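FYI, the numbering for the sequence shown is 29 to 185, going by our numbering.
Note that beta-carbon positions come from the ideal geometry of N, C-alpha and C, so glycine has one too.
Please read all numbers here as calculations on a predicted model, not as lab measurements.
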Amino acid sequence: MEIIIATMPLWVAIVMLVVLQRPSQQAGLATLIAAIGSTLLFPVFRLFPGQLLLALVKGLATSLSVFYVLFPSLLLYYLLKSVDGMSLLGQGIARLVPERDLQVLLLVIGFAPFAESVSGFGVGTILVIPLFLALGYSSAQSAILGILGQMAVPWGG
Numbered sequence: 029m030e031i032i033i034a035t036m037p038l039w040v041a042i043v044m045l046v047v048l049q050r051p052s053q054q055a056g057l058a059t060l061i062a063a064i065g066s067t068l069l070f071p072v073f074r075l076f077p078g079q080l081l082l083a084l085v086k087g088l089a090t091s092l093s094v095f096y097v098l099f100p101s102l103l104l105y106y107l108l109k110s111v112d113g114m115s116l117l118g119q120g121i122a123r124l125v126p127e128r129d130l131q132v133l134l135l136v137i138g139f140a141p142f143a144e145s146v147s148g149f150g151v152g153t154i155l156v157i158p159l160f161l162a163l164g165y166s167s168a169q170s171a172i173l174g175i176l177g178q179m180a181v182p183w184g185g
């Protein structure tokens with residue numbers, strides 16, 4: 029029973045995102061409410077309201093540090109997208125490295141790990157997947173190759 033209660037926020041997020049196809053903001057809010065509700069309503073967690081508030085503040089601090097890293101890269105992505113910069117970068121890469129195998133190697137073991145090691149938090153993936161799309165790879169191929177670039181960088185500081 030405790031496992032079901034503990035995983036309830038996760039299931040709320042999955043149902044909201046996958047089944048109901050709600051926006052991430054709504055799913056996040058519903059998940060937060062489910063987590064707070066399960067913590068306060070079920071005595072198995074034994075958290076007092078003060079402890080819960082402290083956990084929420086710590087979670088907010090962690091979220092702000094992640095936002096501090098991700099916001100500039102998302103800003104860069106949307107800036108490049110608005111001026112068609114991703115396709116220009118893709119054309120430049122295709123011109124410099126015409127062989128598709130070498131393009132994959134350049135981005136997966138070159139650029140993605142570099143961007144990830146410099147900034148962290150998946151920034152390498154944010155920048156590399158649109159480049160693969162600009163080079164003509166399918167969405168699934170781009171996603172898989174972008175995630176492969178994450179495997180070359182050690183986690184944790």
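Query                                                                                                                      : Result
Beta-carbon contacts of P158 that lie in its chain and below 7 Å, excluding the five residues immediately before and after : Y105 and M114
Assigned secondary structure, E144 (DSSP; H/G/I helix, E/B strand, else coil)                                              : helix
Buried or exposed by the 16-neighbour rule on C-beta atoms within 10 Å, applied to V156                                    : buried
Stretch-stretch touch, CB-based, cutoff 8 Å, three pairs: the region 85–98 with the region 146–154                         : yes
8 Å contact criterion, which L173 and I121 should meet: CB distance rounded                                                : No, L173 and I121 are not in contact; Cβ-Cβ is about 13 Å, not under 8 Å.
contact_flag[the region 77–86, the region 123–140] where n(CB pairs < 8 Å) is 3 or more                                    : no
Under 8 Å between C-beta atoms of I137 and T153                                                                            : no
Opening and closing residue of the alpha helix (DSSP H) in which I172 lies                                                 : S167 to L176
Residues near E30 in its chain [Cβ-Cβ closer than 6 Å; skip 5 each side]                                                   : V72
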